[in-house]
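Per our numbering, residue 653 is the first one in the sequence shown, and the count goes up by one each step.
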Amino acid sequence: MSWKAFTKSLLFHSNKIVRRLKSFVLHAHPPPPPPHVVRRPPSSDELPAAADVTVCKVEGGLLMSPSTFPYFMLVALEAGGLFRGLLLLLLYPVLLLLGHDRATKLMVMVSFAGVRKEKDGSPSFRVGRAVMPKLFLEDVSAEVFDAAARRRRLVCVSSMPREMVEPFLKEYLAVDAVVAPELRAFRGYYLGLAESDGEVMQRLDMEEVIGMKERGGAGDGDGDGQEVYVASEWARRRWRPLHPRRYAKPLIFHDGRVAFRPTTSATLAMFVWLPLAVPLALLRVALIVVVLPFSLAAPIAAALGIHCRCIAASTLRAAAVLDLFVCNHRSLLDPLYVSAVAGRADLAAATYSISRLSEILAPIRTFRLTRDRAADRAAMQAHLSRSRRGGGGGGLVVCPEGTTCREPFLLRFSPLFTELGADVQPVALHSEVAMFHGTTAGGWKMLDPFFLLMNPSPAYVVHFLDPVAGGGGGPEVANEVQRRIAETLGYTCTALTRRDKYLVLAGNDGVVANNNKSN
């Protein structure tokens, strides 16, 4: 039997084959305990020219979790909303009674039916590109990936829609080809139906999938020289997640509101918590921001379950006299934490974009920047000059990254703050949430603080570093401040900008036109 015919047959029947073997494919025998893999390497005269192709099953093979329910739940919540997620959760007992194929079809129907295919001209399904990769990557087995990646070409097969799995497989694991059903759409909206296995095979060029065209069509031979790695249950329990350093490129940006792995129990806990979360968030806003003086913010926040830890390099004496605070950007509440911990109610938050609602509710002044470098520099210098003259200007809290970053990376620091002629008080911020992210690139930004405060116990670490002389320092001072903050937090410095983030997550440059100006 030719290698091409063998591979085509293997890909077509992969779901049945891999379900029986409970592994990823390439040839062998069930292992005797305790070793978790038995390997029979083919001899050189047995091995065909195209034998260095790994065909790997995604669910049950590459992914450690045998259940695909969390991935469809994430799509349902992020692309369809809470009602769609609740419907999928209520159908979970039905899914347990159905076979794998029928359960997958039902989850596709519930998660995708009526969801818009493209938004704002994006070339692909935004949730699959911007939200799904983090959840998938955290579930990749290091053992399976290491074994599969030894071959020249890696082909992944999945019963989940291509729109869900292809972005993380190709962009972050450098998989060469993905064999998965595509979703059917009508007038820009998904119908909740996916291709059958036969339609997938008709759509794909098998020679291109296995890389035969790259080799000039060579590679006919006997398929019996292949290997199949079979993992025992004992071995699967010892699998460990793939370390982020092994990704083809680092996962720096991701979007979405859900901050946990939406398993059945975790999703049920979220829906039980929601009726309490909304009034709790409103109570936190009312007491901390509206009703009580801002000087009482710290003890009131602690009483309402908001954790904040302050670390000072020496003392907070410098924070009491300096007027320019520079911090990394984790959420919209960064300036509030800096102001509350420093005991400086006179600080103003210099921000590039803020919703009108957040501006009204902010307990400290907000200083809107326009992205016009000369105008922003003049406005900030005037604000600091009034403070030095005692004119009530107050200090500034600046986030030179220009946008938030959830992962342990720092974006490029704009050197604009170094041109203000003031000494800099660097502040390193780290935040943790358990249920909802308080930032978004594709959602409603005015809800960011509410989602953050809907978490049971949001936590912040505020670390005041030693001051840096910033008079006329330029990019060198900005890079030094970035380096110090990254070193303190254990983060990695990058040269990426706000534009890079929005191109990845939203398909635009992150600039919204308003009255012919950029916000």
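Note that the Cβ used here is the ideal one computed from N, Cα and C, for glycine as well. Keep in mind the model is a prediction, meaning the values are calculated, not measured.
Kindly indicate which three-state DSSP category residue i falls into: helix, strand or coil?
{"i": "His1115", "result": "strand"}
{"i": "Arg781", "result": "helix"}
{"i": "Ser848", "result": "coil"}
{"i": "Thr1055", "result": "coil"}
{"i": "His1035", "result": "helix"}
{"i": "Glu834", "result": "coil"}
{"i": "Ala1158", "result": "coil"}
{"i": "Glu770", "result": "coil"}
{"i": "Arg805", "result": "strand"}
{"i": "Glu1084", "result": "strand"}
{"i": "Ile958", "result": "coil"}
{"i": "Pro987", "result": "helix"}
{"i": "Asp1152", "result": "helix"}
{"i": "Phe788", "result": "helix"}
{"i": "Leu1013", "result": "helix"}
{"i": "Tyr744", "result": "helix"}
{"i": "Ile940", "result": "helix"}
{"i": "Ala800", "result": "helix"}
{"i": "Thr1091", "result": "coil"}
{"i": "Phe1061", "result": "strand"}
Distance check for residue j and residue i, CA to CA, integer angstroms please.
{"i": "Ser1005", "j": "Met853", "result": "48 Å"}
{"i": "Gly1159", "j": "Pro819", "result": "14 Å"}
{"i": "Pro836", "j": "Val762", "result": "The sequence given here has Arg at residue 836, not Pro. Cα to Cα, Arg836 sits roughly 14 Å from Val762."}
{"i": "Leu1105", "j": "Leu956", "result": "10 Å"}
{"i": "Val1156", "j": "Lys822", "result": "15 Å"}
{"i": "Leu739", "j": "Val924", "result": "14 Å"}
{"i": "Asp975", "j": "Gly732", "result": "45 Å"}
{"i": "Lys1153", "j": "Leu749", "result": "42 Å"}
{"i": "Val809", "j": "Val831", "result": "5 Å"}
{"i": "Arg1151", "j": "Gly908", "result": "18 Å"}
{"i": "Thr1146", "j": "Gly737", "result": "36 Å"}
{"i": "Leu939", "j": "Cys979", "result": "26 Å"}
{"i": "Met784", "j": "Val727", "result": "8 Å"}
{"i": "Asn1131", "j": "Ser719", "result": "45 Å"}
{"i": "Pro622", "j": "Tyr841", "result": "No information on residue 622 is available, as it lies outside the stretch 653 to 1171 that the chain covers here."}
{"i": "Pro1108", "j": "His895", "result": "29 Å"}
{"i": "Val861", "j": "Ala1031", "result": "57 Å"}
{"i": "Arg814", "j": "Pro987", "result": "41 Å"}
{"i": "Phe777", "j": "Pro833", "result": "14 Å"}
{"i": "Ala1027", "j": "Glu1071", "result": "13 Å"}
{"i": "Ile796", "j": "Arg1136", "result": "Looking at the sequence shown, residue 796 is not Ile but Val. So the alpha carbons of these two residues sit roughly 38 Å apart."}
{"i": "Gly1122", "j": "Gly1094", "result": "35 Å"}
{"i": "Val973", "j": "Cys962", "result": "18 Å"}
{"i": "Lys668", "j": "Ser811", "result": "The predicted model places Lys668 with a pLDDT of 46, which falls under 50 and marks its position as unreliable; any figure quoted below should be read in that light. Going by the C-alpha atoms only, they are around 11 Å apart."}
{"i": "Pro1119", "j": "Ala846", "result": "58 Å"}
{"i": "Asp1100", "j": "Arg803", "result": "45 Å"}
{"i": "Phe1102", "j": "Leu806", "result": "43 Å"}
{"i": "Val779", "j": "Trp1096", "result": "15 Å"}
{"i": "Thr1149", "j": "Gly1090", "result": "20 Å"}
{"i": "Ser964", "j": "Ala1080", "result": "As written in the sequence, residue 964 is Ala, which differs from the Ser given in the question. About 10 Å."}
{"i": "Asp1075", "j": "Leu715", "result": "50 Å"}
{"i": "Pro945", "j": "His752", "result": "57 Å"}
{"i": "Thr916", "j": "Ser793", "result": "21 Å"}
{"i": "Ala950", "j": "Val993", "result": "8 Å"}
{"i": "Leu856", "j": "Ala826", "result": "19 Å"}
{"i": "Ile958", "j": "Arg754", "result": "44 Å"}
{"i": "Glu790", "j": "Tyr824", "result": "12 Å"}
{"i": "Ala1165", "j": "Val710", "result": "Annotation note: pLDDT 46 at Ala1165 (below 50); position unreliable, no value reported."}
Along the chain, where does the alpha helix (DSSP H) containing residue i start, and where does it finish?
{"i": "Val924", "result": "916 to 937"}
{"i": "His752", "result": "752 to 764"}
{"i": "Leu1048", "result": "Per DSSP, Leu1048 belongs to no alpha helix (DSSP H); it is in the beta strand (DSSP E), 1048 to 1050."}
{"i": "Met1098", "result": "Per DSSP, Met1098 belongs to no alpha helix (DSSP H) and is neither H nor E."}
{"i": "Met816", "result": "814 to 824"}
{"i": "Asn1107", "result": "Run containing Asn1107: none; DSSP gives neither H nor E here."}
{"i": "Phe721", "result": "721 to 727"}
{"i": "Trp886", "result": "885 to 889"}
{"i": "Arg1136", "result": "1127 to 1141"}
Which whole-angstrom value describes the C-beta separation of residue i and residue j, a residue pair presumed to lie in contact below a C-beta threshold of 8 Å?
{"i": "Trp947", "j": "Ala997", "result": "Residue identity check: residue 947 is Ser in the sequence provided, not Trp. About 6 Å separates the two Cβ atoms, so the contact holds."}
{"i": "Phe1069", "j": "Ile904", "result": "At roughly 23 Å, the Cβ-Cβ gap does not stay under 8 Å, so Phe1069 and Ile904 are not in contact."}
{"i": "Phe764", "j": "Gly844", "result": "5 Å"}
{"i": "Glu730", "j": "Val910", "result": "7 Å"}
{"i": "Leu743", "j": "Leu758", "result": "7 Å"}
{"i": "Ala782", "j": "Thr706", "result": "With a Cβ gap of about 28 Å, Ala782 and Thr706 do not count as contacting."}
{"i": "Leu1063", "j": "Thr1055", "result": "7 Å"}
Quick check: is any heavy atom of the ligand SAM less than 7 Å from the C-beta of residue i?
{"i": "Val1049", "result": "Absence of the ligand SAM from the depicted structure is noted, as is the absence of any ligand whatsoever, leaving it without description."}
Could you spell out where the beta strand (DSSP E) holding residue i opens and where it closes?
{"i": "Val831", "result": "829 to 831"}
{"i": "Ala1002", "result": "1000 to 1003"}
{"i": "Lys709", "result": "705 to 709"}
{"i": "Phe1226", "result": "With the chain covering only 653 through 1171, there is no way to say anything about residue 1226."}
{"i": "Arg1020", "result": "1017 to 1020"}
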